[in-house]
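Peer 1:
2 protein chains.
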Amino acid sequence: MGVTKTHMFTVRQNELAQVAKVLAHPARIAILEYISKQEGCICNDLVDVIGLAQPTISQHLNEIKKIGLLKGTFEGKNLCYCINEERWEELQQSFQVFFSNINFNCC
Amino acid sequence: MGVTKTHMFTVRQNELAQVAKVLAHPARIAILEYISKQEGCICNDLVDVIGLAQPTISQHLNEIKKIGLLKGTFEGKNLCYCINEERWEELQQSFQVFFSNINFNCC
DNA sequence: TTTTAATATTGCAATATTACGATGATATAA
DNA sequence: TTATATCATCGTAATATTGCAATATTAAAA
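So the sequence lines, in the order shown, correspond to chains C and L. Take 1 as the starting number for the first sequence in the working numbering and just add one per residue. Take 1001 as the starting number for the second sequence in the working numbering and just add one per residue.
1. Could you work out which residues of chain L lie near I13 of chain C, taking near to mean beta carbons separated by less than 9 Å?
2. I want to see whether chain C comes within less than 9 Å of G1068 of chain L, judged by CB atoms only; does it?
3. I'd like the span of the alpha helix (DSSP H) that includes I57 of chain C, first residue to last.
4. Which whole-angstrom value describes the C-beta separation of L52 of chain C and Y34 of chain C, a residue pair presumed to lie in contact below a C-beta threshold of 8 Å?
5. Where does the unbroken alpha helix (DSSP H) through L1070 of chain L begin, and where does it stop?
6. So, with DSSP's three-state summary, where would you put I1102 of chain L?
7. Quick one, which of L:L1091, L:F1098, L:E1089 has its alpha-carbon nearest L91 of chain C's?
8. Which same chain residues end up closer than 6 Å to V19 of chain C when comparing Cβ atoms and leaving out the 5 residues on each side of it in sequence?
9. If you follow the beta strand (DSSP E) that C82 of chain C is in, where does it begin and where does it stop?
10. Between G72 of chain C and I29 of chain C, what straight-line distance do the alpha-carbon atoms span, to the nearest angstrom?
11. I1050 of chain L and C1080 of chain L: beta carbons closer than 9 Å?
12. Assign N62 of chain C to one of two classes, buried (16 or more other C-beta atoms within 10 Å of its C-beta) or exposed (fewer than that).
13. Would you mind telling me which residues of chain L sit closer than 7 Å to K21 of chain C, beta carbon to beta carbon, in chain order?
14. Hey, A1017 of chain L and L23 of chain C: beta-carbon distance below 9 Å or not?
15. So D48 of chain C is in the alpha helix (DSSP H); what residue range does that whole segment cover?
16. So the alpha helix (DSSP H) E15 of chain C belongs to, where does it begin and stop?
17. Can you list, in chain order, the residues of the region 1049-1063 of chain L whose Cβ is nearer than 8 Å to any Cβ on chain C?
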């Protein structure tokens, strides 16, 4: 099968899992961290920095875009973008809540 | 190919991605949340609660175990386990740091 | 307009993930 | 000992992910 049974879970559980999936690749972690370290927006140099082929980087960027974590201009030549602050903090909050709502009344 | 080029990234980036991968499935989110809601340890009822087949649940539990998030007894009948508090807080910390070290000097 | 540079899309091969039936192992109950 | 109940493992089918070569698209430069 290989297909996740999303209907069995809550919207929130599915959304959290979806965001985690985007973070579930070191290249995407590296991309986000690299963008973050820059003074301003990112233009061009990601392919050289990460060391994967250009189509591969493009694909990874697309995954990150899908969950709303990037903003900027995306068409044609000289793409420029950076991290969407509102969305970032929203996701940070989601993980925060997830990690904080766990009990340890244990064996 | 389908194989991640882990050698291109730092150990920390790979580890964070690996943990995110475990969280990247709603069933595993649901399992963790269900265990958390219980008074004590979990015994038996996970299959009924989540609604996936027993081998599937077993597989998901194994993924969670792999990153050290569960403790308890795992052999034979009447498996009992709960969340490993130290490891949980360690991972919480990792995500916290990841989400906090991002800059937004943007376009 | 033609070239050039940067990014996107397509198509494909290799591998990973998800799910479950069948079966095996283990421990308690009868 | 013989069920029975619980969890693990194996094998397999369906689908998803990763990565890249080839190619297309786009916008600015020449």
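From the three backbone atoms N, C-alpha and C, an ideal C-beta is built for every residue, glycine too.
Peer 2: The relevant details are as follows:
1. Residue identity check: residue 13 of chain C is Gln in the sequence provided, not Ile. Near Q13 of chain C (Cβ distances below 9 Å), the residues of chain L are P1026, A1027, I1029, A1030, E1033.
2. Put simply, the CB of G1068 of chain L is far from chain C, with every gap to its CB atoms at 9 Å or more.
3. 54-66
4. That pair is no contact at about 12 Å.
5. Not the alpha helix (DSSP H): L1070 of chain L falls in the beta strand (DSSP E), residues 1070-1073.
6. coil
7. L:F1098
8. I67, L91
9. Its beta strand (DSSP E) spans residues 80-83.
10. 19 Å
11. no
12. exposed
13. A1024
14. yes
15. 46-50
16. 11-23
17. I1050, G1051, L1052
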